[in-house]
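Enquirer: Residue numbers (the numbering used here), protein chains in the order written: chain A, 792 to 924; chain B, 8 to 192; chain C, 1123 to 1314. Beta carbons: idealized from backbone N, C-alpha and C, even for Gly.
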């Protein structure tokens, strides 16, 4: 576009100034990285949701739980941003909490299995005793 | 083969870190994951447990109880393998797990062998000065093998309190006491 | 000469395919820092809403992260970012079914105004925000990114002639508006 019009040129200059790039908000990059981390976590959690069926199969005693993994996003680069680190730690902490819950559920379900077996034995012993009597 | 590997902050295939009283998972048992249809691995040592427990909500009664229990623990280690068919693991592999607990500090309080159903469950307590310092559960089912080691000063009452929380059933202490007096088949 | 308020650091080297794969794992944060001003500003000037602009910009970078392996060079990535941002801006507006606002109603785009003539800057931004979607993007890409008509046509997937037409009409409208304001404004009266 070719303008021999100083006023037009001034207008264009004014437009350039008005539309110049602005700094992104503070910690924008950190928030992006946190969302990326969360997205990865969600993706893995979604993929892992089907392990819930693992806990309801015959012979399994698992209560439902969520399985997690966050290993993909951890990198040294992210530790340089304190805000991102905090957000990420929160996501990872939740994941770790779920791990913990899962482990306790597994332990509990196997204890329940042991308990049921013991009860079964007790029941058999009692009935044998009654038969003898 | 589906493998759920949960210890995201630690090396995934490292055995339990060595301490004198630690129970390690033998390599041949770790390798069962190659044969398993699904594997669950949880490895959480003390610092990880304490960190994870920060995210347990004090306002949630269940999570609050869990936090109280976990506060004293040194580690939770779980390996659970589910197989497509029976006979995927051998009795030698189970024995390699159990053999680690043939030590004075470990007492087997439950040992159930069910020939009919094929379920074998062993529960071992680690006692220090007559107080619980750990528990190991080995559940060998026809298509499933589970190893749980909870390491730490563990009060049986606290463990029992967890029963019913998160779907963990209540543990009847009387049953355990009776079983330790000879409940095995 | 158009001077940018925010400059990008130069890319050290063009990206090879292998480098693209490496970027996926470790340099993404650097990429975000490099292009955040560009992406955010396109969205900001289009939407005239800093919160919406940030949300949109974040979405663009999430999409970038999902596609990191495909870029052959920094220029390719930059082109992609402009293109995706522009299209997301249009989608964003359409999803929210916002009516076109008149120049007088158009909100002012957030962000610091150059001090030379803040009122003029504000009016210009309002004007841009009042344009229909495609002409608005054309004006932003022309005057914010200093793109040629050919480049704009490529980014917006429209014929070059259409780009030129949008630009001409938009500038003509702006000029007329500015002229009218000069005529109708009494001496000493400031434009609202």
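Looking at chain A, which residues of the region 1208-1220 of chain C have a Cβ within less than 8 Å of any of its Cβ atoms?
Expert: Flagged: no residues at all.
Enquirer: Could you pull the start and end residues of the beta strand (DSSP E) that residue 1214 (chain C) belongs to?
Expert: Element bounds for residue 1214 (chain C): not the beta strand (DSSP E) but the alpha helix (DSSP H), 1196-1218.
Enquirer: Under the rule that 16 or more other beta-carbon atoms within 10 Å means buried, what is residue 93 (chain B), buried or exposed?
Expert: That one is exposed.
Enquirer: Would you list, in chain order, the members of the region 1269-1296 of chain C that have their beta-carbon closer than 9 Å to a beta-carbon of chain A?
Expert: Listed by position, the residues of the region 1269-1296 of chain C near chain A (Cβ gap below 9 Å) are 1271, 1286, 1289, 1290, 1293, 1296.
Enquirer: Tell me whether residue 1298 (chain C) is buried or exposed, calling it buried when 16 or more other Cβ atoms sit within 10 Å of its Cβ.
Expert: Exposed: under 16 other Cβ atoms inside 10 Å.
Enquirer: Using a Cβ cut-off of 7 Å (strictly closer), state whether residue 881 (chain A) contacts chain C.
Expert: No - not a single Cβ of chain C is within 7 Å of the one on residue 881 (chain A).
Enquirer: In the DSSP output, what is residue 928 (chain A) paired with across the bridge?
Expert: Past the boundaries of the shown model lies residue 928 (chain A); chain A is included only from 792 to 924, so the question cannot be answered.
Enquirer: Which residues in the same chain have their Cβ closer than 7 Å to the Cβ of residue 83 (chain B), if we skip the five residues on either side of it in sequence?
Expert: Closer than 7 Å at the Cβ level, and outside the excluded window around residue 83 (chain B), lie 49, 51, 56, 157.
Enquirer: Going along chain D, which residues have a C-beta under 7 Å from residue 1258 (chain C)?
Expert: Absent here is chain D; the protein component of the structure consists of chains A, B and C.
Enquirer: To the nearest angstrom, how far is the alpha carbon of residue 1198 (chain C) from that of residue 1192 (chain C)?
Expert: Cα to Cα, residue 1198 (chain C) sits roughly 9 Å from residue 1192 (chain C).
Enquirer: Is there a Cβ from chain A that is less than 7 Å from the Cβ of residue 36 (chain B)?
Expert: Not closer than 7 Å to any Cβ of chain A, the Cβ of residue 36 (chain B) fails to qualify, so no.
Enquirer: Relative to chain A, which residues along the region 1178-1189 of chain C have a C-beta separation below 8 Å, given in chain order?
Expert: Listed by position along the chain: 1179, 1180, 1183, 1184, 1187.
Enquirer: Grouping DSSP H, G and I as helix and E and B as strand, with all else coil, what is residue 1274 (chain C)?
Expert: Three-state result, residue 1274 (chain C): helix.
Enquirer: Can you give, in chain order, each stretch of the alpha helix (DSSP H) that sits fully within the region 36-115 of chain B and has at least 4 residues?
Expert: Taking only runs of at least 4 residues, the alpha helix (DSSP H) segments lying wholly in the region 36-115 of chain B are 53-60, 68-77, 98-105.
Enquirer: Provide the residue(s) that pair with residue 821 (chain A) in DSSP beta bridges, ordered along the chain.
Expert: None, per the DSSP bridge assignment.
Enquirer: So, is the C-beta of residue 829 (chain A) closer than 7 Å to a C-beta in chain C?
Expert: No, residue 829 (chain A) lies away from the interface with chain C (no Cβ there is under 7 Å from its Cβ).
Enquirer: Quick one: using the 10 Å Cβ neighbour count with 16 as the cut-off for buried, is residue 1224 (chain C) buried or exposed?
Expert: Per-residue confidence for residue 1224 (chain C) stands at a pLDDT of 48, beneath the threshold of 50, marking its modelled position as unreliable; no derived number is given.
Enquirer: Would you check if the region 886-894 of chain A and the region 98-114 of chain B touch, i.e. whether three or more CB-CB distances between them fall below 8 Å?
Expert: Judged by Cβ distances under 8 Å, the region 98-114 of chain B makes no contact with the region 886-894 of chain A, as fewer than three pairs qualify.
Enquirer: Are the C-beta of residue 1198 (chain C) and some C-beta of chain A separated by less than 7 Å?
Expert: Residue 1198 (chain C) does not count as touching chain A.
Enquirer: Just checking, does the region 804-813 of chain A make contact with the region 1262-1270 of chain C on the three C-beta pairs under 8 Å criterion?
Expert: A contact exists between the region 804-813 of chain A and the region 1262-1270 of chain C.
Enquirer: Less than 8 Å between the CB atoms is what I'm expecting for residue 1285 (chain C) and residue 1294 (chain C), so what's the real figure, rounded?
Expert: Residue 1285 (chain C) to residue 1294 (chain C), Cβ: 15 Å. No contact.
Enquirer: With 7 Å as the limit, tell me which residues of the region 906-918 of chain A have their beta carbon closer than that to any beta carbon of chain B; keep them in chain order.
Expert: Flagged, chain order: 906, 908, 909, 910, 912, 913.
Enquirer: Have a look at residue 4 (chain B) and residue 1157 (chain C) and give me their C-alpha separation to the nearest angstrom.
Expert: Outside the modelled stretch of chain B, which goes from 8 to 192, sits residue 4 (chain B), for which no answer is possible.
Enquirer: Quick one, are the C-beta atoms of residue 1211 (chain C) and residue 1251 (chain C) less than 7 Å apart?
Expert: Not closer than 7 Å, so no.
Enquirer: By the 10 Å Cβ neighbour count, where 16 or more other Cβ atoms means buried, how is residue 159 (chain B) classified, buried or exposed?
Expert: Flag for residue 159 (chain B) reads buried.
Enquirer: Compare the C-beta of residue 887 (chain A) with all C-beta atoms of chain B and state if any pair is closer than 7 Å.
Expert: With 7 Å as the cut-off, residue 887 (chain A) counts as an interface residue toward chain B.
Enquirer: From residue 139 (chain B) to residue 880 (chain A), what distance separates their C-alpha atoms?
Expert: The straight-line gap from Cα to Cα measures roughly 32 Å.
Enquirer: Just verifying my parser: in three-state terms, what is the DSSP assignment at residue 139 (chain B)?
Expert: DSSP places residue 139 (chain B) in strand when its eight states are reduced to three.
Enquirer: Show which residues of chain C have a CB atom less than 8 Å away from the CB atom of residue 818 (chain A).
Expert: Ordered by position in chain C, no residue passes the 8 Å Cβ test against residue 818 (chain A), which lies about 11 Å from the chain.
Enquirer: Does the beta carbon of residue 823 (chain A) come closer than 7 Å to any beta carbon on chain C?
Expert: Yes, residue 823 (chain A) lies at the interface with chain C (some Cβ there is under 7 Å from its Cβ).
Enquirer: Tell whether a beta-carbon distance below 7 Å holds between residue 155 (chain B) and residue 898 (chain A).
Expert: The answer is yes: Cβ separation under 7 Å.
Enquirer: What would DSSP say about residue 152 (chain B), mapped onto helix, strand or coil?
Expert: Three-state DSSP puts residue 152 (chain B) in a strand.
Enquirer: Would you tell me roughly how many angstroms separate the C-alpha atoms of residue 87 (chain B) and residue 827 (chain A), rounded to the nearest one?
Expert: Computed Cα separation, rounded: 31 Å.
Enquirer: Which of the three DSSP states is assigned to residue 132 (chain B) in this structure?
Expert: The answer is strand: DSSP assigns residue 132 (chain B) an E or B state.
Enquirer: At a CB-CB cut-off below 8 Å, which residues of chain C make contact with residue 805 (chain A)?
Expert: Correct list: 1239, 1242, 1243, 1246.
Enquirer: Quick check on residue 1173 (chain C): buried or exposed, where buried means 16 or more other Cβ atoms within 10 Å of its Cβ?
Expert: Its Cβ having fewer than 16 others within 10 Å, residue 1173 (chain C) is exposed.
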